[in-house]
Amino acid sequence: MIRALTIPLAFALLLAAGAPAAARGDRDRDQAHLREAAAQGQVIPLGRLIAEVRSRPPYNDMTYLGGPQFDARRMIYALKFMDGSQVVVVYVDARTGRIVGRRP
Numbered sequence: 008m009i010r011a012l013t014i015p016l017a018f019a020l021l022l023a024a025g026a027p028a029a030a031r032g033d034r035d036r037d038q039a040h041l042r043e044a045a046a047q048g049q050v051i052p053l054g055r056l057i058a059e060v061r062s063r064p065p066y067n068d069m070t071y072l073g074g075p076q077f078d079a080r081r082m083i084y085a086l087k088f089m090d091g092s093q094v095v096v097v098y099v100d101a102r103t104g105r106i107v108g109r110r111p
């Protein structure tokens, strides 16, 4: 009985150990895609994008938290702001600078 559980458990642990590497690979591919798009002038430089969002109400009264995330498939940045005690995530189109969503 114990031997029957050992093989599936070992396999599950191997899969779980590989998950962070796979996620890191996705992130690396996203960053490479972003660099290529920026070099071709297809996206707004991140610094300018952040400055533009921070200049707009209500984000001009919020603290930018840094650590932007990029979705290469959709070409969307997720920017985090602090509004009082609440974290607000603003989704911005990297090509146009248009705010396309917000949570909460």
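Residue numbers (the working numbering): 8 to 111.
Note that the Cβ used here is the ideal one computed from N, Cα and C, for glycine as well.
Note that the structure is a prediction, hence the values are computed from the model and not measured.
Run of the alpha helix (DSSP H) containing residue i, from where it starts to where it stops
{"i": "isoleucine 57", "result": "53-61"}
Status (buried if at least 16 other CB within 10 Å, exposed otherwise) for residue i
{"i": "alanine 101", "result": "buried"}
{"i": "valine 94", "result": "exposed"}
Limits of the beta strand (DSSP E) - the one that residue i falls within
{"i": "leucine 86", "result": "83-90"}
{"i": "valine 96", "result": "93-100"}
{"i": "glycine 108", "result": "106-110"}
{"i": "aspartate 78", "result": "76-78"}
Sequence-distant residues of its chain with Cβ nearer than 7 Å to residue i (five each side left out)
{"i": "alanine 85", "result": "Pro75, Gln76, Val96 and Tyr98"}
{"i": "phenylalanine 88", "result": "Tyr66, Met69, Thr70, Tyr71, Leu72, Val95 and Val97"}
Contacts around residue i, its chain only, beta-carbon distance under 6 Å, and the 5 residues preceding and following it disregarded
{"i": "leucine 53", "result": "none"}
{"i": "aspartate 90", "result": "Met69"}
{"i": "valine 107", "result": "Tyr98 and Asp100"}
{"i": "methionine 82", "result": "Ala101 and Arg102"}
Residue i Cβ short of 7 Å to the ligand ADP heavy atom set
{"i": "arginine 61", "result": "The ligand ADP is not part of this structure, which contains no ligands at all."}
Close beta carbons around residue i, own chain, < 8 Å, minus the five adjacent residues each side
{"i": "arginine 105", "result": "Val99"}
Given 8 Å, three or more beta-carbon pairs between the segment 76-94 and the segment 39-58: Yes, since at least three Cβ pairs between the segment 76-94 and the segment 39-58 fall closer than 8 Å, the two stretches touch.
Sufficient close CB pairs (3 or more, under 8 Å) joining the segment 62-75 to the segment 43-52: Using a C-beta cut-off of 8 Å, the segment 62-75 makes no contact with the segment 43-52, since fewer than three inter-stretch Cβ pairs fall below that distance.
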